[in-house]
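Engineer: Below you'll find the structure I mean.
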Amino acid sequence: MNRRHLRTSRLALAAAGISTAATGCGGEGPNQSTADSAGVSVSAAPVTPAAPEPTPAPAAPGARADQRPEIDPKNVAASIKYDAATKTATIPMISGLTTNAGGWNFNGYARGEMTIVVPVGTIVVMPYYNDDIVPHSAVAVSGSAKSIPSAPGDPVFRGAETRSADNGLMTGQHDDMRFTADKPGKYLLVCGVPGHAQSGMWVYLQVSPSAKAPTVVLG
Ligand SMILES: [Cu+2]
Numbered sequence: 136m137n138r139r140h141l142r143t144s145r146l147a148l149a150a151a152g153i154s155t156a157a158t159g160c161g162g163e164g165p166n167q168s169t170a171d172s173a174g175v176s177v178s179a180a181p182v183t184p185a186a187p188e189p190t191p192a193p194a195a196p197g198a199r200a201d202q203r204p205e206i207d208p209k210n211v212a213a214s215i216k217y218d219a220a221t222k223t224a225t226i227p228m229i230s231g232l233t234t235n236a237g238g239w240n241f242n243g244y245a246r247g248e249m250t251i252v253v254p255v256g257t258i259v260v261m262p263y264y265n266d267d268i269v270p271h272s273a274v275a276v277s278g279s280a281k282s283i284p285s286a287p288g289d290p291v292f293r294g295a296e297t298r299s300a301d302n303g304l305m306t307g308q309h310d311d312m313r314f315t316a317d318k319p320g321k322y323l324l325v326c327g328v329p330g331h332a333q334s335g336m337w338v339y340l341q342v343s344p345s346a347k348a349p350t351v352v353l354g
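In this note's numbering, the protein residues as written are 136 to 354.
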């Protein structure tokens, strides 16, 4: 309120053609130059407000850690968090993030268009969200582009599936899968609802002996 009043009165002064510096200094030369140097420090002042600004910005994603992640389908890697000390990678996954493959996708990708690469031994935490209008799930399985399972069986790593993987999660539901990627190889991350993977709802999960941190390969 006070700030608004101040702003309003400044606007009123400006409208009246009265500079606040001029009224404050009354025409005394030395004071005028002081006002000018004050003006310089005022122009430096925005640096001070600018500095705190980045602070709330990182705090906000941290505060939202338990909530739905923001994922840019063009920069999926930016949504991944990796703690090298514990070798824990948090890799959020959203089905129906884009309209690609009619929404039957992972972070916007289908038919192997995305490869999530993690170092061997990574503890993978995968918060999975279904944004699509059709139930979907996520399961990491063995296979290749030439052997996409019609009805995915057990996950290749213990815990590497969302709950009720064969029925899928309804629109707006989410589940976290957690597993240790302890066997090198190139696997599939598929939808566990029968028929969905064969319709194209699959991407790659590569467990790499040489990778130092998780990466995402698109295309
Ligand atoms: Cu599905």
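Beta carbons are placed, not taken as given, at the ideal position from N, Cα and C, and that holds for glycine.
1. Roughly how many whole angstroms lie between the Cα atoms of alanine 245 and alanine 220?
2. Could you give the residue range of the beta strand (DSSP E) that holds glutamine 341?
3. State buried or exposed for asparagine 362, treating a residue as buried only when at least 16 other CB atoms are found within 10 Å of its CB.
4. Under 8 Å by Cβ, that's how I've got aspartate 301 and proline 329 pegged, so tell me the actual separation to the nearest angstrom.
5. Under 8 Å between the Cβ atoms of serine 272 and glycine 303?
6. With the cut-off set at 8 Å, would you say aspartate 355 and proline 254 are in Cβ contact?
7. Would you grab the beta carbon distance between phenylalanine 292 and alanine 275 for me? Rounded to a whole angstrom, and I think it's under 8 Å.
8. What are the start and end residues of the beta strand (DSSP E) that includes valine 352?
9. Go ahead and pull the three-state DSSP assignment for asparagine 265.
10. Checking the sheet assignment: what are the DSSP bridge partners for methionine 228?
11. Terminal residues of the continuous beta strand (DSSP E) containing proline 254?
12. Run the proximity test for tryptophan 337: is its beta-carbon closer than 7 Å to any non-hydrogen atom belonging to ligand 2?
13. Quick one: using the 10 Å Cβ neighbour count with 16 as the cut-off for buried, is proline 187 buried or exposed?
14. Taking DSSP's pairing of strands, which residues face lysine 216 in a bridge?
15. From the DSSP secondary-structure annotation, give me the bridge partner or partners of glutamate 296.
16. Who pairs with histidine 309 in a beta bridge, going by DSSP?
17. Return helix, strand or coil for valine 211, following the three-state DSSP convention.
18. Classify valine 243 as helix, strand or coil using the three-state DSSP reduction.
19. So, with DSSP's three-state summary, where would you put glycine 320?
20. Flag histidine 309 as yes when its Cβ comes closer than 7 Å to any non-hydrogen atom of ligand 1, and as no otherwise.
Structural biologist: Result, derived from the coordinates:
1. Locating residue 245 in the sequence shown gives position 110, counting from the first residue. Locating residue 220 in the sequence shown gives position 85, counting from the first residue. Cα-Cα distance, rounded: 32 Å.
2. Position 206 of the sequence shown, counted from the first residue, corresponds to residue 341. It spans 337-343 - the beta strand (DSSP E) in which glutamine 341 sits, taken as one unbroken run.
3. Residue 362 is absent from the model: the chain starts at 136 and stops at 354.
4. As a working mapping, residue 301 is identified with position 166 in the sequence shown. As a working mapping, residue 329 is identified with position 194 in the sequence shown. With a Cβ gap of about 7 Å, aspartate 301 and proline 329 count as contacting.
5. The residue you call residue 272 lines up with position 137 of the sequence shown. The residue you call residue 303 lines up with position 168 of the sequence shown. In this structure, glycine 303 lies closer than 8 Å to serine 272 by Cβ.
6. This structure does not reach residue 355, given that the chain is present from 136 up to 354, and the question cannot be answered.
7. On the sequence shown, position 157 is the one that residue 292 refers to. On the sequence shown, position 140 is the one that residue 275 refers to. Cβ atoms of phenylalanine 292 and alanine 275 come within 8 Å of each other, at about 6 Å.
8. Reading the sequence shown from its first residue, position 217 is the one you call residue 352. Counted as a single uninterrupted DSSP element, the beta strand (DSSP E) harbouring valine 352 occupies residues 350-353.
9. The count along the sequence shown starts at 1 and reaches residue 265 at position 130. For asparagine 265, the secondary structure class from DSSP, reduced to helix, strand or coil, is strand.
10. Here the question's residue 228 lines up with position 93 in the sequence shown. Note: methionine 228 sits in a beta bridge opposite Tyr263.
11. The residue you call residue 254 lines up with position 119 of the sequence shown. Counting along the chain, the beta strand (DSSP E) containing proline 254 begins and ends at 249-254.
12. This structure lacks ligand 2; the ligands present are ligand 1.
13. Here the question's residue 187 lines up with position 52 in the sequence shown. Any answer about proline 187 is weak, because its pLDDT of 47 lies below 50 and its placement is not dependable; what the coordinates show is given next. Its Cβ having fewer than 16 others within 10 Å, proline 187 is exposed.
14. Along the sequence shown, one-based indexing puts residue 216 at 81. In the DSSP output, where bridge partners are listed per residue, lysine 216 has Thr225.
15. Stepping through the sequence shown from its first residue, residue 296 is reached at position 161. Glutamate 296 pairs with Val274.
16. Working through the sequence shown from its first residue, we reach residue 309 at position 174. According to DSSP, residue pairing for histidine 309 in a beta bridge involves Tyr264.
17. The residue labelled residue 211 in the question sits at position 76 within the sequence shown. The answer is helix: DSSP assigns valine 211 an H, G or I state.
18. Within the sequence shown, the letter at position 108 stands for residue 243. The sequence shown places glycine at residue 243, not valine. In the structure shown, glycine 243 sits in coil (DSSP, three-state: anything other than H, G, I, E or B).
19. The count along the sequence shown starts at 1 and reaches residue 320 at position 185. In the structure shown, glycine 320 adopts extended strand secondary structure according to DSSP, grouped into three states.
20. Position 174 of the sequence shown, counting from 1, holds the residue named residue 309. Not one heavy atom of ligand 1 is found less than 7 Å from the C-beta of histidine 309.
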